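To keep things clear, I will list the structure first and then write my remarks on it.
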Amino acid sequence: MCTSVSPSLPPSANRRLTAQSSRALALMPWFLPSRRHFFRSSDPNGVLKRIENSTNRQVTFSKRRTGLLKKAHEISVLCDAEVGLIVFSSKGKLFEYSTEFRCDAAALPLL
455 MCTSVSPSLP PSANRRLTAQ SSRALALMPW FLPSRRHFFR SSDPNGVLKR IENSTNRQVT
515 FSKRRTGLLK KAHEISVLCD AEVGLIVFSS KGKLFEYSTE FRCDAAALPL L
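Next up, the structure:
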């Protein structure tokens with residue numbers, strides 16, 4: 455049997471700590487998680503499906519395209535990687551990102 459060596463706090467002290475903690479957290483709103491962390495997906499299983507509303511689909515495409523281009527730039531800078539990215543919208547518009555391309559003579563037949 456295991457016994458605690460430290461004395462337990464009286465219930466009033468526990469309430470006081472809780473009240474102080476809640477007041478401290480109220481002064482630090484950035485400490486609390488935002489609502490967006492609780493709603494990651496509309497489907498609990500995380501199944502991807504096409505967005506039916508064309509306006510919402512276009513807004514989502516625009517935001518995700520921007521994020522994807524940003525990530526491509528980040529990986530090229532952070533990892534010194536050569537990156538090429540091509541994205542076509544549903545209307546056929548081209549969006550691209552590429553780093554400086556250094557080509558070896560041995561790699562030319564692969565292109």
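Going left to right, the sequence shown walks through residues 455 to 565 as the numbering used here numbers them.
Beta carbons are placed, not taken as given, at the ideal position from N, Cα and C, and that holds for glycine.
Nothing here was measured: the structure is a model prediction, and the numbers come from that model.
* Going along the chain, which residues of its own chain have a beta-carbon closer than 8 angstroms to the beta-carbon of Arg-504, five neighbours each way excluded? -> If you number the sequence shown from 1, residue 504 lands on position 50. Excluding its 5 nearest sequence neighbours in each direction, Arg-504 has C-beta neighbours in its own chain below 8 angstroms: Arg-511, listed in chain order.
* Do you know how far the Cα of Thr-509 is from the Cα of Glu-554? -> Translated into positions along the sequence shown, residue 554 becomes position 100. Translated into positions along the sequence shown, residue 509 becomes position 55. Rounded to the nearest angstrom, the two C-alpha atoms are 35 angstroms apart.
* Neighbourhood of Thr-520 by C-beta distance below 7 angstroms, restricted to the same chain and skipping five residues each side -> By one-based count along the sequence shown, residue 520 stands at place 66. Cβ neighbours of Thr-520 beyond the five flanking positions: none.
* **N-terminal and C-terminal residue of the alpha helix (DSSP H) that Leu-548 is part of** => In the sequence shown, counting from the first residue as 1, residue 548 sits at position 94. No alpha helix (DSSP H) contains Leu-548, which is instead part of the beta strand (DSSP E) from 548-552.
* **Pairwise C-alpha distance: Leu-539 and Ile-529** => The residue labelled residue 529 in the question sits at position 75 within the sequence shown. The residue labelled residue 539 in the question sits at position 85 within the sequence shown. Using only the alpha carbons, I get a separation of about 12 angstroms.
* **For Tyr-551, the nearest candidate out of Phe-515, Lys-517, Lys-525, Asn-507 (CA to CA)** => Position 97 of the sequence shown holds residue 551. Closest by alpha carbon: Lys-525.
* Cα-Cα separation between Ser-516 and Phe-549, rounded to whole angstroms -> Working through the sequence shown from its first residue, we reach residue 516 at position 62. Working through the sequence shown from its first residue, we reach residue 549 at position 95. Cα to Cα, Ser-516 sits roughly 11 angstroms from Phe-549.
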